[in-house]
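Here our numbering is used: the first residue of the sequence shown is 3, the next is one more, and so on.
Every residue, glycine too, gets a C-beta built ideally from N, C-alpha and C.
As the structure is a computational prediction, the values presented were derived from the model and not from experiment.
For reference, the structure is listed below as structure tokens.
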Amino acid sequence: MSLSITIPLSATIKPKAAKSVKPLTTKQKRDLNKVDPLLLDILSTKRPTNNPVQNLAYITKLLGSLNICYSVDKNLNTTVSIGESKSCFTSHTDTVDNKTGNNRLVLNANILSVHGGGILGADCGSGIYIMLKMILANVPGLYVFFATEEQGRIGSEAYTMPLTIERCISFDRKGLDNLITHQMCEKGCSDDFANAFINTFELPYKKDPTGSFTDSYSFFQTVPECINLSVGYYGQHSKHETQDIEHLEKLVQACINMPWETLPTVRDPAEVVYDDWQNMPFNYQGYKLPSLSEADRVEKFVRDNPLIVAQVLIEYGITLADLQAYKAEDEYLNGGA
Ligand SMILES: [Zn+2]
Numbered sequence: 003m004s005l006s007i008t009i010p011l012s013a014t015i016k017p018k019a020a021k022s023v024k025p026l027t028t029k030q031k032r033d034l035n036k037v038d039p040l041l042l043d044i045l046s047t048k049r050p051t052n053n054p055v056q057n058l059a060y061i062t063k064l065l066g067s068l069n070i071c072y073s074v075d076k077n078l079n080t081t082v083s084i085g086e087s088k089s090c091f092t093s094h095t096d097t098v099d100n101k102t103g104n105n106r107l108v109l110n111a112n113i114l115s116v117h118g119g120g121i122l123g124a125d126c127g128s129g130i131y132i133m134l135k136m137i138l139a140n141v142p143g144l145y146v147f148f149a150t151e152e153q154g155r156i157g158s159e160a161y162t163m164p165l166t167i168e169r170c171i172s173f174d175r176k177g178l179d180n181l182i183t184h185q186m187c188e189k190g191c192s193d194d195f196a197n198a199f200i201n202t203f204e205l206p207y208k209k210d211p212t213g214s215f216t217d218s219y220s221f222f223q224t225v226p227e228c229i230n231l232s233v234g235y236y237g238q239h240s241k242h243e244t245q246d247i248e249h250l251e252k253l254v255q256a257c258i259n260m261p262w263e264t265l266p267t268v269r270d271p272a273e274v275v276y277d278d279w280q281n282m283p284f285n286y287q288g289y290k291l292p293s294l295s296e297a298d299r300v301e302k303f304v305r306d307n308p309l310i311v312a313q314v315l316i317e318y319g320i321t322l323a324d325l326q327a328y329k330a331e332d333e334y335l336n337g338g339a
């Protein structure tokens with residue numbers, strides 16, 4: 003039996019010409035003054051997912067510089083606890099980048115991006131920013147900065163959530179108004195919780211069942227109410243990633259003003275409810291939903307079972323060099339980073 007993919011020969015792959023990027027103009031430099039220096043610091047620092055120790059060093063140094071007390075667990079997750087609370091807020095310290103170093107940022111109108119293109123790391127740097135602003139505003143909560151989400155939620159899967167926590171809120175969704183109620187087709191929060199959130203939150207968020215997954219998915223079986231919220235980034239996992247900073251600042255304020263502790267706790271986490279939205283042509287709001295392709299399903303399997311997939315590849319004679327050559331050709335053809 004052979005695989006249907008064609009393994010490219012490394013020798014045929016042409017190296018990409020190095021792209022020269024013009025320096026920032028005086029106006030572009032001045033425009034960056036409109037952005038909170040804390041956000042600039044987070045998004046200027048590359049935090050590659052394959053370097054969790056450096057990512058931990060980054061977040062702990064940042065918390066220290068803000069005089070915020072924190073603790074670190076053996077899985078490199080960093081937690082901050084403010085007051086008495088049933089709410090856990092989450093973001094992750096890694097990005098899909100594979101390099102260390104700095105991003106040169108540029109602001110066009112209210113859209114922040116990497117000058118000349120690149121992974122901005124607003125997924126999930128913007129979530130880190132929101133949580134830091136909430137901590138600095140003394141909003142009660144358990145704040146967890148998870149390690150290595152981009153490799154299949156390694157940090158959150160290993161984390162033991164305190165029994166006192168009744169809701170888990172992740173800040174890790176593209177767009178401007180999604181209240182993600184389902185991840186991987188599984189229901190993570192009750193309708194009562196979602197409706198109460200929508201009725202109380204200052205911004206017009208809407209229920210959306212089309213979530214893939216982020217760290218709050220790791221707690222569907224232990225924490226009653228688990229959601230994910232849009233933070234205003236787009237083009238995540240690509241060199242075209244952007245962040246709407248106007249939305250981000252409105253979201254920060256709404257999260258600071260939100261009476262989180264008044265939200266109801268209804269869902270029984272032991273009860274698993276699936277929403278097979280990928281098989282329905284329309285959802286209850288009448289718009290067409292995206293269907294999960296075979297590639298999406300395979301990707302999920304690979305994320306959930308990386309060791310099995312590695313074994314299969316080795317058994318079929320696919321070497322690391324083959325995979326690297328395949329990736330290089332893919333990046334060359336698609337203009338990836
Ligand atoms: Zn993310």
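What separation, rounded to the nearest whole angstrom, lies between the Cα atoms of N57 and K101?
12 Å
What does the Cβ neighbour count give for I310, buried or exposed, with the cut at 16 atoms within 10 Å?
exposed
May I ask you to report which of helix, strand or coil DSSP gives Q30?
helix
Taking all protein chains shown into account, decide if F215 is buried (16 or more other Cβ within 10 angstroms of its Cβ) or exposed.
In the assembly as shown, F215 is a buried residue. Its beta-carbon has 16 or more other beta-carbons within 10 Å.
Would you say the beta carbon of D174 is closer than 7 Å to some non-hydrogen atom of ligand 1?
yes
Less than 7 Å between the CB of D125 and some heavy atom of ligand 1, yes or no?
yes
Using CA atoms only, rank isn't needed, just tell me which of L40, N52, D217 is closest to S172.
The shortest C-alpha separation from S172 is found at D217.
Could you check whether the Cβ of H94 sits closer than 7 Å to any heavy atom belonging to ligand 1?
Because some heavy atom of ligand 1 lies under 7 Å away, the Cβ of H94 counts as near it: yes.
Just the C-alpha distance for A111 and Q245, rounded to the nearest angstrom, thanks.
11 Å
Relative to the alpha-carbon of A124, which residue among A198, A149, H94 has its alpha-carbon at the smallest distance?
Closest in alpha carbon position to A124, among A198, A149, H94, is H94.
Measure how close the beta-carbons of V37 and L114 come, nearest whole angstrom, since I'm counting them as under 8 Å.
6 Å
Indicate the three-state DSSP secondary structure (helix, strand or coil) for Y131 in the structure shown.
helix
Am I right that R155 and L265 are in contact with their C-beta atoms under 8 Å? What's the rounded C-beta distance?
Rounded, the Cβ-Cβ distance is 24 Å, inconsistent with contact.
Counting only runs of 3+ residues fully inside the segment 179-217, write out the beta strand (DSSP E) ranges in chain order.
180-182, 208-210
Can you grab the Cα-Cα spacing for the pair I320 / P54, in whole Å?
27 Å
Between Q326 and the rest of its own chain, which residues show a CB-CB distance below 7 Å, the 5 nearest in sequence each way excluded?
Cβ within range, chain order: n/a, list empty.
Rounded to the nearest angstrom, how far is the Cβ of G157 from that of S89, given a contact under 8 Å?
In fact, because the Cβ distance is near 19 Å, the residues do not count as touching under 8 Å.
Taking its Cβ as the centre, do 16 or more other Cβ atoms sit within 10 Å of Q313, making it buried, or is it exposed?
Exposed, by the Cβ-count rule.
Would you tell me roughly how many angstroms separate the C-alpha atoms of E204 and C257, rounded to the nearest one?
Spanning the two alpha carbons is a distance of roughly 8 Å.
Roughly how many angstroms separate the alpha carbons of K24 and G120, rounded to a whole number?
14 Å
Nearest to N105 by alpha carbon, out of L64, L231, D43?
D43
Among R32, A196, V108, which residue has its Cα nearest to the Cα of T267?
A196
If you follow the alpha helix (DSSP H) that K252 is part of, which residue opens it and which one closes it?
247-259
Kindly list the residues whose CB is nearer than 6 Å to the CB of V275, restricted to its own chain and excluding five residues on each side of it in sequence; keep chain order.
K189
Going by beta carbon distance, what residues of the same chain come within less than 8 Å of E251, once the five residues before and after it are set aside?
D38
With DSSP run on the structure shown, which of helix, strand or coil describes L41?
helix
With E159 as the anchor, note down where its alpha helix (DSSP H) starts and where it stops.
156-159
Pull up the DSSP beta-bridge partners for S87, would you.
DSSP lists no partner for S87.
Suppose contacts are defined by Cβ-Cβ distances below 8 Å. Is V175 in contact with L231 by that definition?
Before going on, a small fix: residue 175 reads as Arg here, not Val. For R175 and L231, yes; Cβs fall inside 8 Å.
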